[in-house]
Every structure is written in C-alpha cells, then in structure tokens.
Amino acid sequence: MTKEEKIFQDGLEEYPISTIIIENLFMFLWIAYGTFLCWILVPLVAWIYLAFGLIMVLCVMRILVCKNCYYHGKRCHLGWGKLSAMYCKQGELTHFGCGFSGAIIPIVYGSMALLPLIFGIISIFKTFSLINICTIVIFLLIVIMSSFTLG
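Note that this note's numbering has the sequence shown beginning at 371, numbered continuously upward.
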C-alpha cells in the first residue's frame with residue numbers, strides 16, 4: 371500500500387456542506403472568544419490576536435498546509451481545500467504535513483489557544499468575575515471541540 375492510498379483509505383471524496391458549516395462555526399467561535407478574552411485585559415492585543423488568527427487560518431495555513439493536501443480544490447471537512455485552490459496551485463501530496471508546513475500547524479493553533487487562556491487567567495486575578503471564568507470555560511470547550519474537527 372502506498373502512502374497516498376493509506377492517507378485516503380478512510381476519507382470522503384468531498385464532505386457535506388453541513389459538516390463544513392459546523393466545523394467553521396467552531397473555528398469562528400474559537401477566534402471570537404479568544405479575541406474577547408484578550409480584549410478583557412488589553413484591547414490592542416485583542417486586535418492583534420484577531421488579525422493573526424484570521425490571516426493565519428484563512429491565508430497562510432491554506433498556502434503552506436492545504437496546497438499539499440489531497441483535498442486541494444475539493445471540499446475537505448472545513449472546506450479549506452477550495453479556499454486554498456484560490457491562492458495557489460496544488461503541491462506534492464507526499465509533502466503534506468512535512469517540514470515547515472507540518473511544524474507550523476501546532477504552533478499556530480497552540481498560540482491561538484494559549485494566548486487567550488493566559489490573558490483570561492490574568493484577568494481573573496486582576497478582577498475576579500464569574501463572566502471571566504465562564505468565558506474561559508466556554509473557550510476551552512470550543513478549543514477542545516475544534517481539536518476534534520481540525521485533526
């Protein structure tokens with residue numbers, strides 16, 4: 371069995387629109403709640419986080435990661451294969467998840483999860499509020515749910 375055959379053995383050729391909508395909703399909520407957690411403490415950081423999240427998720431990751439994916443030009447579980455095809459030509463499938471493009475995935479999503487958590491925890495110590503605690507819990511749930519959809 372070749373690497374290509376093993377990668378696609380259990381996948382769908384194209385995912386249903388309902389799956390794409392639900393999974394993108396989780397990504398939108400992740401960025402929105404993360405922005406809110408940063409905003410509580412430092413609004414400028416929230417704007418930077420929002421810009422970073424949108425640029426990395428919608429552009430940079432699509433060019434670096436999705437260009438080498440089987441779903442380039444197709445509807446993957448997030449629909450990003452179609453988005454990637456608007457930015458760049460398809461790369462080599464064997465390079466998917468390798469090298470820099472593979473290393474950037476946990477860095478981007480890790481920083482998108484950790485920064486708001488750090489700011490949220492600091493905001494609790496600065497001004498204790500049930501709203502801050504609930505927002506952190508909701509954010510953690512969104513990140514956990516998104517981790518199931520992104521992988």
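No residue lacks a Cβ here, since even glycine has one placed at the ideal position from N, Cα and C.
Which residue from the options puts its Cα closest to that of residue i?
i, options, result
"Ile515", "Ile474, Met397, Gly423 and Gly404", "Note that residue 515 is Met in the sequence shown, not Ile. Of the listed residues, the one whose Cα sits closest to Met515 is Met397."
"Ile503", "Tyr457, Thr389, Ile390 and Phe406", "Phe406"
"Ile488", "Ala421, Gln460 and Val507", "Val507"
"Ile425", "Val412, Gly490, Tyr457 and Cys408", "Tyr457"
"Thr464", "Arg445, Ser481 and Asn438", "Asn438"
"Val478", "Ser454, Ile501, Arg432 and Lys496", "Arg432"
"Cys468", "Cys436, Phe498, Ile491 and Ser454", "Cys436"
"Ile474", "Val427, Leu382 and Ser499", "Val427"
"Ser561", "Gly423, Ile391 and Pro386", "Beyond the ends of the chain as shown, which are 371 and 521, falls residue 561; an answer cannot be given."
Report yes if the CB atom of residue i is closer than 7 Å to the CB atom of residue j, and no otherwise.
i, j, result
"Tyr441", "Phe509", "no"
"Ile512", "Trp417", "no"
"Ser471", "Leu448", "no"
"Gly451", "Gly461", "no"
"Arg445", "Glu384", "yes"
"Ser517", "Leu411", "no"
Using 8 Å for Cβ pairs, my map puts residue i next to residue j. What's the rounded Cβ distance?
i, j, result
"Pro476", "Tyr419", "Contact flag wrong, Cβ pair sits at about 18 Å."
Q: Output the residue ranges of the alpha helix (DSSP H) runs that lie fully inside the segment 431-480 and measure 4 residues or longer, sorted by chain position.
A: 431-434 and 450-457
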